[in-house]
Each structure stands twice: as C-alpha cells, then as structure tokens.
Amino acid sequence: MGASIRPIGPPRFAVAVHILVGLARSGCNLSSTTIADQIHSHATFMRRILARLAHAGLVEAREGRDGGYRLKLPAEQITLADVFAAIRWDGAEESGSESGSKAEESLYGEVDWNERLDVELIGIMNAMDRQMLDYLRRHTIASLV
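Residue numbering for the sequence shown follows the working numbering, starting at 369 and increasing by one per position.
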C-alpha cells in the first residue's frame with residue numbers, strides 16, 4: 369500500500385521521540401542536520417526541539433570536531449512522560465483576553481457561565497493530563513529502540 373502513518377498527538381512530541389530513539393540507536397554524537405535528515409525534518413526545527421530536550425537534561429550538546437547531540441541519560445531512564453514534559457507547550461504563547469481569575473458576576477449576582485465552563489474544562493484537562501502522564505511513565509525510549 370505504501371501509505372504513510374501520521375503520528376497522533378502533538379508533532380513536537382513525535383519528533384522529540386524520534387530524535388531520542390535515533391540518538392539511542394546511534395550511540396554516538398549526531399549533528400542536528402544528520403538528525404533532521406534521518407527523520408525528514410528541517411534542521412532549524414530540530415534545533416528548537418533539541419534545545420528543549422537539552423534544557424530538560426535528556427540530551428547534551430557538544431561543540432567541536434566531534435560535536436553534536438547525544439543522550440545525557442541512558443535510554444532506559446528516559447520515559448515518554450519526561451519527553452512530553454520537555455517539549456510541552458507551557459501557555460506562554462497563549463493570546464486572548466486577559467480576564468482576572470475571579471468569576472465575573474452578572475447584574476443578577478450569578479457567576480458568568482463562560483467562567484464556570486472554563487473552570488470545568490480546566491478540571492477535565494488536568495485529569496486528562498494526569499492520566500496521560502501516568503501512562504507515558506510506563507514507556508521508555510529504550511522500549512522503542
């Protein structure tokens with residue numbers, strides 16, 4: 369058939385997992401260009417993901433002739449939850465209204481329904497995050513190599 373499989377979930381997460389599995393398989397330093405070529409992506413995008421992974425302590429960068437990126441921890445110690453936390457969008461890019469955290473009341477003293485909905489959705493999304501991270505903690509990079 370030859371149909372490609374599209375990764376489910378955030379693209380940065382899938383790319384980060386591909387990077388880490390590639391580094392684990394290679395066992396040596398790889399340049400961002402080499403990594404980008406291996407997973408068919410742009411080197412600039414790779415460097416952004418690699419910077420997050422390095423900041424999280426999952427990879428290290430070395431400069432010089434033998435430079436490049438390599439795993440900082442053994443693949444058996446890097447869980448998919450670690451990867452997700454490293455590349456996770458932190459909300460700093462969010463745009464929109466800057467309403468306060470206190471629910472606004474209508475003329476009749478009722479809490480605005482949008483605020484109630486937001487509170488409910490936050491609770492649901494936090495529960496989803498906990499369940500997802502619990503699941504991701506059961507899988508390591510080594511299990512995907």
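We put the CB at the ideal spot given by N, CA and C, even for glycine.
(request) Please confirm if the region 421 to 428 is in contact with the region 482 to 489, defined as three or more CB-CB distances below 8 Å between the two stretches. (result) no
(message) I'd like the list of long-range same chain contacts for L512, defined as Cβ closer than 6 Å, with 5 residues on each side in sequence excluded.
(response) Here residue 512 is taken as the residue at index 144 of the sequence shown, counted from 1. Closer than 6 Å at the Cβ level, and outside the excluded window around L512, lie V389.
(message) If I measure Cβ to Cβ from Q445 and keep anything under 8 Å in the same chain, skipping five residues before and after, which residues do I get?
(response) By one-based count along the sequence shown, residue 445 stands at place 77. If we look at Q445 and ignore the five residues flanking it on each side, its Cβ neighbours are T508.
(message) Taking the straight line between their C-alpha atoms, what separation do you get for H410 and C396?
(response) On the sequence shown, position 42 is the one that residue 410 refers to. On the sequence shown, position 28 is the one that residue 396 refers to. Roughly 21 Å separates the two Cα atoms.
(request) Quick one: grab the DSSP three-state call for E428. (result) The sequence position of residue 428 within the sequence shown is 60, counting from 1. Of the three classes helix, strand and coil, the one that applies to E428 here is strand, per DSSP.
(request) Have a look at L504, P379, G435 and S394 and flag the residue whose alpha-carbon is nearest the alpha-carbon of I417. (result) As a position in the sequence shown, residue 417 is number 49, starting the count at 1. If we check each option's Cα against that of I417, P379 comes out closest.
(message) Between which residues of its own chain and T402 is the CB-CB distance below 8 Å, once the five residues before and five after are set aside?
(response) In the sequence shown, residue 402 corresponds to position 34, counting from 1. So the qualifying residues of the chain are G436.
(message) Under DSSP, the alpha helix (DSSP H) around G491 begins and ends at which residues?
(response) For the purposes of this step, residue 491 is identified with residue 123 of the sequence shown, where counting begins at 1. Per DSSP, G491 belongs to the alpha helix (DSSP H) from W481 to L504.
(request) Would you mind stating whether L391 and T447 have Cβ atoms separated by less than 8 Å? (result) To locate residue 391, count along the sequence shown from 1; it is residue 23. To locate residue 447, count along the sequence shown from 1; it is residue 79. L391 is not a Cβ neighbour of T447, given a cutoff of 8 Å.
(message) I'd like the list of long-range same chain contacts for V383, defined as Cβ closer than 7 Å, with 5 residues on each side in sequence excluded.
(response) For the purposes of this step, residue 383 is identified with residue 15 of the sequence shown, where counting begins at 1. The answer, listed in chain order, is I407, S409 and I417.
(request) Would you please state the rounded distance, in angstroms, between the beta carbons of A454 and L421? I believe it to be under 8 Å. (result) The residue labelled residue 454 in the question sits at position 86 within the sequence shown. The residue labelled residue 421 in the question sits at position 53 within the sequence shown. At roughly 5 Å, the Cβ-Cβ gap stays under 8 Å, so A454 and L421 are in contact.
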